[in-house]
Amino acid sequence: MPNQTRARSIDLDNPFAPLAGLCELVLIRHGEQALSKELSAAETVDPPLSDLGQRQVRAVADRLSTRTVDAVYSSPLRRALDTGWAIAGHHGLEPVVRDTLTEYEPWQSFPADQSPFETLPHDEISRIFAEHIRTRSYEPFPYAEDPAAFRARVLGEIGRIVDAHLGERVVITCHSGVINAVLADALGSAFDMPVRVHHTSVNVLRGADTRRAVQSVNDFTHVLDFQTAVGPMNL
Numbered sequence: 098m099p100n101q102t103r104a105r106s107i108d109l110d111n112p113f114a115p116l117a118g119l120c121e122l123v124l125i126r127h128g129e130q131a132l133s134k135e136l137s138a139a140e141t142v143d144p145p146l147s148d149l150g151q152r153q154v155r156a157v158a159d160r161l162s163t164r165t166v167d168a169v170y171s172s173p174l175r176r177a178l179d180t181g182w183a184i185a186g187h188h189g190l191e192p193v194v195r196d197t198l199t200e201y202e203p204w205q206s207f208p209a210d211q212s213p214f215e216t217l218p219h220d221e222i223s224r225i226f227a228e229h230i231r232t233r234s235y236e237p238f239p240y241a242e243d244p245a246a247f248r249a250r251v252l253g254e255i256g257r258i259v260d261a262h263l264g265e266r267v268v269i270t271c272h273s274g275v276i277n278a279v280l281a282d283a284l285g286s287a288f289d290m291p292v293r294v295h296h297t298s299v300n301v302l303r304g305a306d307t308r309r310a311v312q313s314v315n316d317f318t319h320v321l322d323f324q325t326a327v328g329p330m331n332l
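Here the working numbering runs 97 ahead of the position in the sequence shown, where the first position is 1.
Set out below in structure tokens:
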């Protein structure tokens, strides 16, 4: 009980407050992945970084190289893990891999050996994504992972990381869905995807016990010197 009382006296909203008693989470979306409409549902789960994605990763790793980073956690999917290794290398660290940080799977129950973009009618694909963007919800995806189970696994892992790293800054290289789950929880939003999170964007929260305070969202200024557009398959 004394520890909880002390934690609740910490001002999580003050970005200049020392980290004593709290954990600073730096959530980084992976670099752009190499996607195409020909990929099967299984192949869309773990594509590699594209050439642009590799450049984005170098840029965000350089950006964070001057910050104190105490630990790096990562999704096991290679686009996120490669991002984690690039950042961790500047700090003499190795990424701690957690399966619970993997991306939401919109095609989880779709036949693994088929491409949804080639198999489903174009009008149906267009309708699914239009509704997803309009509602900021996973509900339009008929073959998807259960959203509540996804949020539970992500938020459970974030809670464990916060509890294990009080007084420290932790980088987590993960995915748009993971970052949005954390942001939605912190902001009390009912949306599954409240923010269109850009590749390698920096998203910062501070946490203690079960509380979270958002410090910054979707900061991708480190790619503006070389990126001028978003690929059609990389939303």
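Quick reminder that beta carbons are idealized off the backbone N, C-alpha and C, glycines included.
Taking a contact to mean a Cβ-Cβ separation below 8 Å, would you say residue 137 touches residue 211 in this structure?
The count along the sequence shown starts at 1 and reaches residue 137 at position 40. The count along the sequence shown starts at 1 and reaches residue 211 at position 114. A contact, by the Cβ cut-off of 8 Å.
How should residue 219 be labelled, buried or exposed, when 16 other C-beta atoms within 10 angstroms of its C-beta is the threshold for buried?
By one-based count along the sequence shown, residue 219 stands at place 122. That one is exposed.
Name the DSSP beta bridge partners of residue 170, please?
As a first step, residue 170 must be located in the sequence shown, where it is residue number 73. Looking at the DSSP assignment, residue 170 forms a beta bridge with 193, 269.
Can you say whether residue 277 is buried or exposed, counting buried as having 16 or more other CB atoms within 10 angstroms of its CB?
For the purposes of this step, residue 277 is taken as the residue at position 180 of the sequence shown. It is buried - the Cβ of residue 277 has at least 16 other Cβ atoms within 10 Å.
What's the C-alpha gap between residue 225 and residue 291?
Here residue 225 is taken as the residue at index 128 of the sequence shown, counted from 1. Here residue 291 is taken as the residue at index 194 of the sequence shown, counted from 1. Taking the straight line from one Cα to the other gives about 17 Å.
Secondary structure at residue 253, three-state DSSP: helix, strand or coil?
For the purposes of this step, residue 253 is taken as the residue at position 156 of the sequence shown. Reduced to three states, the DSSP call for residue 253 is helix.
Could you check what DSSP says for residue 326 in three-state terms: helix, strand or coil?
For this step, residue 326 is matched to residue 229 along the sequence shown. DSSP places residue 326 in coil when its eight states are reduced to three.
Beta bridge counterpart(s) of residue 303 as assigned by DSSP:
On the sequence shown, position 206 is the one that residue 303 refers to. 121, 310.
With a cut-off of 8 Å on the beta carbons, I'd call residue 109 and residue 308 a contact; round off their distance for me.
In the sequence shown, counting from the first residue as 1, residue 109 sits at position 12. In the sequence shown, counting from the first residue as 1, residue 308 sits at position 211. Sure, about 6 Å apart at Cβ, within 8 Å.
What is the C-beta distance between residue 288 and residue 233, in whole angstroms, given that I count them as a contact (C-beta under 8 Å)?
Position 191 of the sequence shown holds residue 288. Position 136 of the sequence shown holds residue 233. Correct: roughly 4 Å between the Cβ atoms.
Residue span of the alpha helix (DSSP H) that contains residue 334, given as start and end
Because residue 334 is not part of the residues shown, which for the chain are 98 to 332, the question remains open.
Short Cβ contact (8 Å threshold) for residue 300 with residue 313
For the purposes of this step, residue 300 is taken as residue 203 along the sequence shown, with counting starting at 1. For the purposes of this step, residue 313 is taken as residue 216 along the sequence shown, with counting starting at 1. Yes, Cβ-Cβ distance for residue 300 and residue 313 is below 8 Å.
Hey, how far is the Cα of residue 244 from the Cα of residue 125?
Within the sequence shown, residue 244 is the residue found at index 147, counting from 1. Within the sequence shown, residue 125 is the residue found at index 28, counting from 1. C-alpha separation (whole angstroms): 21 Å.
On the DSSP bridge list, what partners appear for residue 126?
Locating residue 126 in the sequence shown gives position 29, where the first residue counts as 1. Paired residues: 271.
Can you tell me which residues form a DSSP beta bridge with residue 146?
For this step, residue 146 is matched to residue 49 along the sequence shown. Paired residues: 130.
Quick one: Cα of residue 197 to Cα of residue 113, how far?
Stepping through the sequence shown from its first residue, residue 197 is reached at position 100. Stepping through the sequence shown from its first residue, residue 113 is reached at position 16. So the alpha carbons of these two residues sit roughly 30 Å apart.
For the candidate residues 268, 215, 222, whose alpha-carbon lies nearest to that of residue 169?
As a position in the sequence shown, residue 169 is number 72, starting the count at 1. The option with the nearest alpha carbon to residue 169 is 268.
With a Cβ-Cβ cutoff of 8 Å, do residue 161 and residue 154 count as a contact?
In the sequence shown, counting from the first residue as 1, residue 161 sits at position 64. In the sequence shown, counting from the first residue as 1, residue 154 sits at position 57. Taking 8 Å as the Cβ cut-off, residue 161 and residue 154 do not qualify as a contacting pair.
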